[in-house]
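Everything on this sheet refers to the single structure shown next.
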Amino acid sequence: MPALLDVSGVTLRYKTSSAVVTATERVGFSVDRSDRFVLLGPSGCGKSTLLKAVGGYLKPSEGSMRINGRDITGPGADRMMIFQEFDQLLPWKSVLGNVMFPLLMTRRLPRKEAEQRARAYLEKVGLTRVVDAYPHTLSGGMKQRVAIARGMAMEPDILLMDEPFAALDALTRRTCQDELLQLWDETRFTVLFVTHSIAEAIKIGNRILLLSPHPGRVKAEVIDVDQVSSEDGSAARLERQIHDLLFAGSATAH
Amino acid sequence: MGEARILIRDDAVAASQAHGEVERKLGVAELLWNDGFVRKAVIIVVLAAIWEAYGTLLDNPLLFPTFHDTVLALVDRVRDGTIPLRAWASLKVLFMGYAAGITLAAILTIVAISTRIGTDFLETVTAMFNPLPAIALLPLALIWFGLGNGSLVFVLIHSVLWPVALNTHSGFKGVSNTLRMVGRNYGLRGFPYVVRILIPAGFGAILTGLKIGWAFAWRTLIAAELVFGVSSGQGGLGWFIFENRNLLDIPAVFAGLLTVILIGLVVENLIFRTIERNTVQKWGTQS
Numbered sequence: 001m002p003a004l005l006d007v008s009g010v011t012l013r014y015k016t017s018s019a020v021v022t023a024t025e026r027v028g029f030s031v032d033r034s035d036r037f038v039l040l041g042p043s044g045c046g047k048s049t050l051l052k053a054v055g056g057y058l059k060p061s062e063g064s065m066r067i068n069g070r071d072i073t074g075p076g077a078d079r080m081m082i083f084q085e086f087d088q089l090l091p092w093k094s095v096l097g098n099v100m101f102p103l104l105m106t107r108r109l110p111r112k113e114a115e116q117r118a119r120a121y122l123e124k125v126g127l128t129r130v131v132d133a134y135p136h137t138l139s140g141g142m143k144q145r146v147a148i149a150r151g152m153a154m155e156p157d158i159l160l161m162d163e164p165f166a167a168l169d170a171l172t173r174r175t176c177q178d179e180l181l182q183l184w185d186e187t188r189f190t191v192l193f194v195t196h197s198i199a200e201a202i203k204i205g206n207r208i209l210l211l212s213p214h215p216g217r218v219k220a221e222v223i224d225v226d227q228v229s230s231e232d233g234s235a236a237r238l239e240r241q242i243h244d245l246l247f248a249g250s251a252t253a254h
Numbered sequence: 255m256g257e258a259r260i261l262i263r264d265d266a267v268a269a270s271q272a273h274g275e276v277e278r279k280l281g282v283a284e285l286l287w288n289d290g291f292v293r294k295a296v297i298i299v300v301l302a303a304i305w306e307a308y309g310t311l312l313d314n315p316l317l318f319p320t321f322h323d324t325v326l327a328l329v330d331r332v333r334d335g336t337i338p339l340r341a342w343a344s345l346k347v348l349f350m351g352y353a354a355g356i357t358l359a360a361i362l363t364i365v366a367i368s369t370r371i372g373t374d375f376l377e378t379v380t381a382m383f384n385p386l387p388a389i390a391l392l393p394l395a396l397i398w399f400g401l402g403n404g405s406l407v408f409v410l411i412h413s414v415l416w417p418v419a420l421n422t423h424s425g426f427k428g429v430s431n432t433l434r435m436v437g438r439n440y441g442l443r444g445f446p447y448v449v450r451i452l453i454p455a456g457f458g459a460i461l462t463g464l465k466i467g468w469a470f471a472w473r474t475l476i477a478a479e480l481v482f483g484v485s486s487g488q489g490g491l492g493w494f495i496f497e498n499r500n501l502l503d504i505p506a507v508f509a510g511l512l513t514v515i516l517i518g519l520v521v522e523n524l525i526f527r528t529i530e531r532n533t534v535q536k537w538g539t540q541s
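Chains as they are written, first to last, in my numbering: chain A, 1 to 254; chain B, 255 to 541.
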């Protein structure tokens, strides 16, 4: 079976006012259905840029990106983005309105069924009490849950999550991570997850792609990440190994 | 190796059984004072009282009639139907000019955000025409469109178009990159993208533009009527003021001015406040 998302030899460059910066160089990976695929690396490794390219916001100057066998040419609702920023919710729509919005805009479902679907997914993320509230009245964690419900309600081919929990406090972040895993157990969606936290990568992912910075290149791929557990210390050992691998270069350079 | 211990302290339970004031109802006076409408009404009453006191002290109705005389003149002119008729004549022209100005501003800004040259065009023309007083165009407008509502609508469009376009454009530019990406994620582009994402996201700035445009238009209209007077048989409020000054009926002049102010207050405090309360305040994008 071919991979759901196939990225091969992708080089991404973007222009600043004074220079052309290479964010990633010849990066390749493939994501299978129901993978929790994590892009991990220090800042400057181009992981967010890579995610935006998969989202269709950037065109690679080299290489190809295919989802379900189709070339990625622009943004589309088959790849739902979930951002780090809390302002990704539309402030003029209620929580329910936010989750229904993409369903209605893409004409995926008529209004009535869209509402049913939206309510079902809001229930999954435990937000039934605030369906009629406006985003500005919610806490950061609740806003991110709404964004996740909005993404999942579209039942996309893949969810693209750009450090969705990075702006949350430590306690809420942990709860949100647990909930995400629980949701995955229920629906087995495919997710491409960007983070700079090694612990989060190990907790969330079943496969991790390690990227090195300036420009972003693939350093290693960790598989069977879901086999480690925090109880017997194997997760901590893996964290140590990944840390050493990522920072080995910079340690000798200093 | 030592071990940490947890000491349970049920302070919360004990306190809730004793006193522990969590919520206190506000008094009637405090509640009233918290209402912006009441506070503003008090300001208006104080201003009217100062007016009345000064008018009585001066005792010269030809120069400065008292608040009392002005209100009497106002009631009188409202009863005989002149002020409502004149106000309606002004408002009709105003709505035409305001609506046309907003439509043009919408077209201009939509062109401006979709292309770079459109942005440059908008920035250049607003920089050129925004400082130009609408009244300065009136003599020209009279030659082009003649003595009629056409000239008035022309200067009104000029006074509405630039501030509304400028504010709308800055509202669009202020929409966060995240929201833009969210909109494009759902495949929104072109006109639906503007209507579904940019306009609601930039609504605070757009509303400010509409308010400024309204004030400019109202001002321009009254001034234009004062300058060139009656248009197509039925003059507006500006003409009413001018007429009564010529008759030296100063309380009526004040009544005309008061009507201009009252209409301004109603539009600002009823119409725009209601829109604000149901949009930007409800959404938490403006306090």
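Built from N, CA and C at the ideal position, the CB exists for glycine as well.
Query	Result
Inspect the beta-carbon positions of R119 of chain A and L96 of chain A and report whether they are closer than 9 Å.	yes
I'd like to check one pair, F508 of chain B with P319 of chain B: are the Cβ atoms closer than 9 Å?	yes
State yes or no: is the C-beta of V38 of chain A within less than 9 Å of the C-beta of T24 of chain A?	no
Report yes or no: is there a C-beta of chain A within less than 9 Å of the C-beta of Y352 of chain B?	no
I'd like the span of the beta strand (DSSP E) that includes K219 of chain A, first residue to last.	217-222
Could you tell me which of B:W537, B:L452, B:R443, B:N532 sits nearest to V429 of chain B, measuring between CA atoms?	B:L452
Counting only runs of 4+ residues fully inside the region 165-197 of chain A, write out the alpha helix (DSSP H) ranges in chain order.	170-187
Kindly list, in the order they appear in chain B, the residues whose Cβ is closer than 8 Å to that of H136 of chain A.	W537, G538, T539
Cβ of R554 of chain B less than 9 Å from any chain A Cβ?	The requested residue 554 of chain B does not occur in the structure, where chain B is confined to residues 255 to 541.
Would the region 327-345 of chain B and the region 460-470 of chain B be scored as touching if the rule is three or more Cβ pairs under 8 Å?	no
How about Q84 of chain A and A166 of chain A: do their beta carbons lie closer than 9 Å?	yes
When we look at the beta-carbon of R438 of chain B and count the other beta-carbons within 10 Å, is it buried (16 or more) or exposed?	buried
What's the C-alpha gap between H254 of chain A and A248 of chain A?	Here H254 of chain A scores only 43 on pLDDT, less than 50, and its place in the model should not be relied on; the value that follows carries that caveat. If I take the Cα positions, the gap works out to 11 Å.
Which full runs of the beta strand (DSSP E) of 3+ residues lie inside the region 64-103 of chain A, going along the chain?	79-82
For a cutoff of 9 Å on Cβ pairs, would you count N439 of chain B as touching chain A?	yes
Note down, one range per segment and in chain order, each alpha helix (DSSP H) of at least 4 residues found wholly within the region 131-164 of chain A.	140-153
Using beta-carbon positions only, say whether W472 of chain B and V418 of chain B come within less than 9 Å of one another.	no
Candidates B:V325, B:F383, B:N532, B:L502: which alpha carbon is nearest H412 of chain B's?	B:F383
Taking the CB atoms as reference points, tell me whether A395 of chain B and G404 of chain B lie closer together than 9 Å.	yes
Strictly below 9 Å CB to CB, what residues from chain B border Q266 of chain A?	With chain A covering 1 to 254 only, the question about residue 266 of chain A has no answer from this structure.
Judging by CA-CA distance, which residue of A:V146, A:K52, A:L138 is the nearest neighbour of G76 of chain A?	A:K52
Under 9 Å between the Cβ atoms of G490 of chain B and A388 of chain B?	no
So for Y14 of chain A, helix, strand or coil by DSSP?	strand
Give me the subset of the region 40-70 of chain A whose CB atoms are less than 9 Å from a CB atom of chain C, sorted by chain position.	Any reference to chain C falls outside this structure, whose protein chains are A and B.
In its own chain, which residues sit with a C-beta less than 6 Å from the C-beta of P213 of chain A, not counting the 5 before and 5 after it?	P42, G44, C45
Between the alpha carbons of V481 of chain B and L512 of chain B, how many angstroms are there, rounded?	19 Å
What does G76 of chain A reach in chain B if we use C-beta pairs closer than 7 Å?	G441
Output yes if chain A places a C-beta closer than 9 Å to the C-beta of A307 of chain B; else output no.	no
List, in chain order, every chain B residue whose beta-carbon is nearer than 7 Å to that of P102 of chain A.	Y440
Label D162 of chain A either buried or exposed according to how many other C-beta atoms from any shown protein chain fall within 10 Å of its C-beta, with 16 as the threshold for buried.	buried
Report the residue from A:D232, A:E200, A:E231, A:G216 whose alpha carbon sits nearest the alpha carbon of I242 of chain A.	A:E200
Could you compute how far the alpha carbon of L171 of chain A sits from the alpha carbon of L376 of chain B?	49 Å
Among B:L285, B:G402, B:A353, B:N288, which residue has its Cα nearest to the Cα of G467 of chain B?	B:A353
Please report the distance separating the alpha-carbon of T357 of chain B from that of V218 of chain A.	53 Å
Contact criterion: CB-CB distance below 9 Å. Does E85 of chain A meet it with respect to chain B?	yes
Enumerate in chain order the residues of its own chain whose CB-to-CB distance from T22 of chain A is below 6 Å, with the five nearest sequence positions on each side excluded.	R13, P215
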